[in-house]
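Below is one structure, written out as structure tokens, with a few remarks after it.
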Amino acid sequence: MSSTSLQQMQANLQHALAPTWKRDIFEQTQKMNLNTHPFQHVFNDYNKILSQNTSYAEKNDQLEQEVRRMNAENAGHMKFIKLYQEQSSSLLAIPEMEKKIQSLQEELTNSYKRNSENATMILDMNKEVKVMSDDIKHKEIELEDWKSRTNEAEAMIKKLEEQISEKDMVMEVLQEELKALQIELVKSEEKSKALAAENNTLINRWLEYKDREAQKMNEAMDNENVSLLDSMKAAIQRKVSLLKDDSTVALSSAPNILDSMAALNSVKVNPPSKVKRTVEAHKGDICAAAYNFSGTILATGGADHVLKLWDTRSQYSLRSPLQGGSQSIMDVKFSLNDEMVLAASNDSTVRLWAVQTGRLRHTLTGHEGKVLSASFTPDSQKVVSGSHDRTLKLWDLAKGYCMRTIFCFSSCNTLVLNAEGKMAISGHFDHHVRIWDVRSAECSHELDSLHSDQVTSVCLSPDSTTLLTNGRDNLLKLVDLRTNQEIGCFKDEGYKSAAIWNKASFSPDGQFVIAGGNDGKLFVWNTKTRKLQVALKSNISNPSPIFAAAWGHNMDSVTVDKGGMFTVWC
18 MSSTSLQQMQ ANLQHALAPT WKRDIFEQTQ KMNLNTHPFQ HVFNDYNKIL SQNTSYAEKN
78 DQLEQEVRRM NAENAGHMKF IKLYQEQSSS LLAIPEMEKK IQSLQEELTN SYKRNSENAT
138 MILDMNKEVK VMSDDIKHKE IELEDWKSRT NEAEAMIKKL EEQISEKDMV MEVLQEELKA
198 LQIELVKSEE KSKALAAENN TLINRWLEYK DREAQKMNEA MDNENVSLLD SMKAAIQRKV
258 SLLKDDSTVA LSSAPNILDS MAALNSVKVN PPSKVKRTVE AHKGDICAAA YNFSGTILAT
318 GGADHVLKLW DTRSQYSLRS PLQGGSQSIM DVKFSLNDEM VLAASNDSTV RLWAVQTGRL
378 RHTLTGHEGK VLSASFTPDS QKVVSGSHDR TLKLWDLAKG YCMRTIFCFS SCNTLVLNAE
438 GKMAISGHFD HHVRIWDVRS AECSHELDSL HSDQVTSVCL SPDSTTLLTN GRDNLLKLVD
498 LRTNQEIGCF KDEGYKSAAI WNKASFSPDG QFVIAGGNDG KLFVWNTKTR KLQVALKSNI
558 SNPSPIFAAA WGHNMDSVTV DKGGMFTVWC
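Residue numbers (my numbering): 18 to 587.
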């Protein structure tokens, strides 16, 4: 029971025992208190309860501290008890523990052994790992190198694709231009036909006029010569008796070409040893020289645009100058039947003349660059030419136009045809010698390691099995055309090639080769020993560089030089 209830009961008991007036006063006082202080006892009770609660909280804190202290002491006692129990049990388990210790020691020993083996294995594995790491590093370096090469290749491919695209555009433009040019060509051909017909008419009229004039002149000459003939008859009759008595007079005739060439095959050729004749032939450089196949005519051509023919049977007297060129003549050749001679020129043309009449037969036009070399086919019906426009062209002489164009990848300095006319061999600016099938226009073989500089001439041996090449690297090479392998090299410290068209030559029997040097000397090598046979000096006081050397079937050899002279050697 609370103190408030007890106090209330005590107050009620006193009120019951008090007198009436006191009870009245008391009751009135209580009523007044009820009206004036209705909640005072509530606050009083609350204050008491609050003070009691505070004291109870303090006691509770004290009890909790006591509990924690006792728990700590209890925990210490429990540890002591547990330790005691463990010590008691360990004393009983010492033998077992000793056995376990021994077992553990054995296991430890075995573990050491295994660790030693493992350490050895680890060392081996470390070595392998190191080797593999080095290999990986090497592979990574190679990978980076390949990546770099791949990037370069991709860049090159991109560049080439761009170039191809540009070339395709150029090709389209060129095709359009070609179509326009073809249309113009058709118109030009029609115009040319009309002009040719008109020209033929004019020529016929002119020839008729000349015939009439010639008849008139012949009639006049006949009348004028009648008296002269009468006076000569008497003199001739006086000498007839003398000529009849002269039995020692005999007539001689030259052998034909084939008989001459057959005879040469059985005749031993001696190397040249001296100067036979020196002729001042041209004004300026002489770039080319060639004998005809019978050896009776020498052709020379040079910077004065003139092709000259020289008669070898009359001390190399000038036979006839052939006009028609507009720039330097770079190569001359005779047809196999000796009826025609050609000249390749820097004016991008090849011209052909009839040897007997000196009449211009053909002018072959179509090259875009200077023509440095040309050659007849064996039947003398076609010509192959090589130009600095990087093409070879096959010409039909019967029709006078180009039959086939061969793209040869590099400027052509020289070319030659084999005896059958089916194979062309060309020497080029890019140091290569290329062998072509004339019928298919395909390159059948390429010799890219003969020379380290431009190829200046190619020449076939008499049996067409061996090729002689000359180069700006001052070397002459022999190639077996049956195997396309180099079989010999000719060189000398004194020999220096003078030009990119410097021509060398075989002797008629193939036993010697000749070439002219920059110092004006003629160098002769033996094809069997591959050694220099002789180096001959000219009788000119200040010799000029030699541009070409040729060996004729008349056993003479000739050199032509920069000073416009040609020298005959025997």
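Built from N, CA and C at the ideal position, the CB exists for glycine as well.
query                                                                                                                    : result
Residues of its chain near Asp-465, where Cβ-Cβ distance is below 6 Å and the 5 sequence neighbours each way are ignored : His-449
Lys-545 beta carbon less than 9 Å from that of Ile-563                                                                   : no
Inter-stretch contact (C-beta, 8 Å, three-pair minimum) for the region 325 to 337 and the region 348 to 356              : no
DSSP three-state assignment for Trp-223, whether helix, strand or coil                                                   : helix
Buried versus exposed call for Lys-256 [16 or more other C-beta atoms within 10 Å across all chains shown]               : Confidence is the limiting factor: at Lys-256 the pLDDT is only 42, short of 50, which leaves the residue's position unreliable, though a coordinate-based value still follows. Exposed, by the Cβ-count rule.
Beta bridge counterpart(s) of Leu-315 as assigned by DSSP                                                                : Tyr-308, Trp-327
Cβ contact check for the region 386 to 398 and the region 436 to 454: 3 or more pairs under 8 Å                          : yes
Val-148, DSSP secondary structure in three states                                                                        : helix
Three-way DSSP call (helix, strand, coil) for Trp-38 in this model                                                       : helix
Secondary structure of Gln-180, DSSP reduced to three states                                                             : helix
Nearest neighbour of Ser-514, chosen from Asp-406, Gln-471, Ala-136, Thr-584 [CA to CA]                                  : Gln-471
Integer Cβ distance of Val-388 from Ala-361, believed to fall under 8 Å                                                  : 4 Å
Inter-residue Cα distance where the pair is Val-367 and Asp-406                                                          : 14 Å
Residues bridged to Arg-421 (per DSSP)                                                                                   : Leu-411
Ala-305 classed as buried or exposed, judged by whether at least 16 other C-beta atoms fall within 10 angstroms          : buried
Residue(s) in a DSSP beta bridge with Arg-588                                                                            : With the chain running from 18 to 587 in the structure shown, residue 588 is simply not present.
Extent of the continuous beta strand (DSSP E) run through His-379                                                        : 377 to 382
Arg-255 - DSSP class collapsed to helix/strand/coil                                                                      : With a pLDDT of 47 at Arg-255, under the threshold of 50, the modelled position of this residue cannot be trusted; read the value that follows with caution. Helix at Arg-255.
Boundaries of the beta strand (DSSP E) in which Pro-568 is found, first to last residue                                  : One point to set straight first is that residue 568 is Trp, not Pro, in the sequence displayed. Counting along the chain, the beta strand (DSSP E) containing Trp-568 begins and ends at 563 to 568.
Nonlocal neighbours in the same chain, by C-beta distance under 8 Å from Thr-329, ignoring five residues either side     : Tyr-308, Gly-312, Thr-313, Ile-314, Leu-315, Gly-569, Asn-571, Asp-573
CB of Asp-578 within 9 Å of CB of Ser-561, strictly                                                                      : yes
Cβ-based neighbour list, Val-541, same chain, cut-off 8 Å, excluding 5 preceding and 5 following                         : Pro-288, Pro-289, Phe-529, Val-530, Ile-531, Leu-549, Gln-550, Val-551, Ala-552, Leu-553
Reduced DSSP secondary structure (H/G/I, E/B, other) of Asn-442                                                          : Going by the sequence as given, residue 442 is Ile instead of Asn. Three-state result, Ile-442: strand.
Simplified DSSP state of Arg-294, which is helix, strand or coil                                                         : strand
Length of the line joining the Cα atoms of Cys-429 and Ser-443                                                           : 7 Å
Backbone secondary structure at Thr-431 - three-state DSSP                                                               : strand
Extent of the continuous beta strand (DSSP E) to which Met-357 belongs                                                   : 357 to 362
As assigned by DSSP and simplified to three states, the class of Trp-518                                                 : coil
Pair within 9 Å by beta-carbon distance, Gly-581 and Ile-303                                                             : yes
Residue environment, Lys-261, which counts as buried when at least 16 other CB atoms sit within 10 Å                     : Residue placement at Lys-261 is poorly supported in this model, since its pLDDT is 42, which falls under 50; the coordinates still yield a value, given next. Exposed.
N-terminal and C-terminal residue of the beta strand (DSSP E) that Lys-399 is part of                                    : 399 to 404
C-beta neighbour in chain C for Leu-324, strict 9 Å                                                                      : Here chain C cannot be found, since the structure has a single protein chain.
Nearest-angstrom Cβ-Cβ length linking Gly-301 and Gly-318, presumed shorter than 8 Å                                     : 11 Å between Cβ atoms; not a contact.
Asp-454 versus Phe-424, His-379, Thr-483, Trp-370, residue with shortest Cα-Cα distance                                  : Phe-424
For Thr-589, the three-state DSSP class (helix, strand or coil)                                                          : This structure leaves residue 589 out entirely; the chain is present only between 18 and 587.
For Lys-350: DSSP bridge partner residues                                                                                : Leu-359
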